[in-house]
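Visitor: For the sequence shown, the working numbering assigns the number 92 to the initial residue and increments by one for each residue that follows.
We put the CB at the ideal spot given by N, CA and C, even for glycine.
Keep in mind that this is a model prediction, so the values were computed, not measured.
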Amino acid sequence: MQLHPLLVPVADLLFPPRCPLCGEALAAQTGLCAACWGELAIPGDPCCDKCQRPFGENGSTGATCGPCLADPPRHDGIAAGTLYNPASRKLILALKHGRRIALAPLLGRLMLGQLPDRVDSDWLVVPVPLHRWRLWSRGFNQAALLGGELAQARGARLVVDGLVRRKRTPTLGGLGKAARARALSGAIAINSRRARGFKGASVLLVDDVLTSGATSAACVSALKRAGADRVMVACFARVLDEALDLV
Numbered sequence: 092m093q094l095h096p097l098l099v100p101v102a103d104l105l106f107p108p109r110c111p112l113c114g115e116a117l118a119a120q121t122g123l124c125a126a127c128w129g130e131l132a133i134p135g136d137p138c139c140d141k142c143q144r145p146f147g148e149n150g151s152t153g154a155t156c157g158p159c160l161a162d163p164p165r166h167d168g169i170a171a172g173t174l175y176n177p178a179s180r181k182l183i184l185a186l187k188h189g190r191r192i193a194l195a196p197l198l199g200r201l202m203l204g205q206l207p208d209r210v211d212s213d214w215l216v217v218p219v220p221l222h223r224w225r226l227w228s229r230g231f232n233q234a235a236l237l238g239g240e241l242a243q244a245r246g247a248r249l250v251v252d253g254l255v256r257r258k259r260t261p262t263l264g265g266l267g268k269a270a271r272a273r274a275l276s277g278a279i280a281i282n283s284r285r286a287r288g289f290k291g292a293s294v295l296l297v298d299d300v301l302t303s304g305a306t307s308a309a310c311v312s313a314l315k316r317a318g319a320d321r322v323m324v325a326c327f328a329r330v331l332d333e334a335l336d337l338v
């Protein structure tokens with residue numbers, strides 16, 4: 092939610108604009124300082140035609156990366172606002188655990204910068220779900236906040252409860268592919284009340300961080316079983332350590 096223009100000077104007086112990463116004074120409550128903008132890793136071309144993994148200057152446009160050749164994804168592309176590094180990690184932690192939900196518009200704008208033009212008002216925007224206990228303890232779903240920013244910008248419909256997480260899952264970091272699959276087995280499903288709306292739909296699946304891709308893959312599978320025609324994944328930060336030196 093944006094302040095009315097007449098209230099902006101009052102807000103700036105009560106809460107002087109500061110960079111959310113380093114605390115440097117800013118002219119307006121709109122983003123980061125110049126130095127911190129430079130700390131973000133923004134993926135670009137050339138990249139994989141299936142998952143948008145950056146290739147670097149020596150890559151070829153329209154090529155497919157090794158991981159996608161070895162295990163073709165079920166999704167229809169990934170749009171990552173940034174690559175996961177110390178700067179993007181700090182922003183995510185401030186939003187998710189620091190409860191600084193006012194950061195959602197900033198993170199959403201960075202995601203929009205990578206989102207293809209074809210994602211328009213005909214698409215459905217669906218956040219990766221939290222288990223109800225985690226949602227109650229945190230008070231909000233950060234993926235839903237980011238999805239709301241994207242939906243508003245593109246005139247799309249936000250289906251905040253399109254997916255449900257039926258069981259709590261452990262942290263997947265450090266688990267192998269088989270262990271991740273076991274942990275997520277039966278965990279994510281379509282909300283039966285929304286199932287009919289996904290038949291033939293184009294869906295933008297939204298999350299804050301894309302790590303191994305196991306959770307998003309489970310969501311994509313559920314959406315395609317429900318009849319979705321296309322499912323693209325959008326995230327603020329994507330974990331691709333090997334690509335950080337390429338951007």
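Rounded to whole angstroms, what's the CA-CA distance from V250 to V217? Just pull it up for me.
Guide: Rounded to the nearest angstrom, the two C-alpha atoms are 5 Å apart.
Visitor: At which residue ranges does the segment 197–226 contain complete beta strand (DSSP E) runs of 3 or more residues, listed in the order of the chain?
Guide: For the segment 197–226, whole beta strand (DSSP E) runs of length 3 or above, ordered along the chain, are 215–218.
Visitor: Do A247 and D212 count as a contact pair if the criterion is CB distance below 8 Å?
Guide: For the sequence presented, residue 212 should be read as Ser rather than Asp. Result yes, Cβ atoms of S212 and A247 sit closer than 8 Å.
Visitor: For a quick check, are the C-beta atoms of L254 and C310 less than 8 Å apart?
Guide: A contact, by the Cβ cut-off of 8 Å.
Visitor: Do the CB positions of I133 and V324 come within less than 8 Å of each other?
Guide: No. Outside cutoff.
Visitor: Taking 7 Å as the line, does the beta carbon of P220 fall inside it for any heavy atom of the ligand PLP?
Guide: Because no ligand of any kind appears in the structure shown, any question about the ligand PLP cannot be addressed here.
Visitor: Please determine, among D162, E148, G204, the residue with the shortest C-alpha to C-alpha distance to T173.
Guide: Considering only alpha carbons, the answer is G204.
Visitor: Hey, R271 and S303: beta-carbon distance below 8 Å or not?
Guide: Against a cut-off of 8 Å, the Cβ pair of S303 and R271 comes out as a contact.
Visitor: According to the Cβ coordinates, are D167 and V322 closer than 8 Å?
Guide: Contact: yes.
Visitor: With DSSP run on the structure shown, which of helix, strand or coil describes G239?
Guide: G239: helix per DSSP, three-state reduction.
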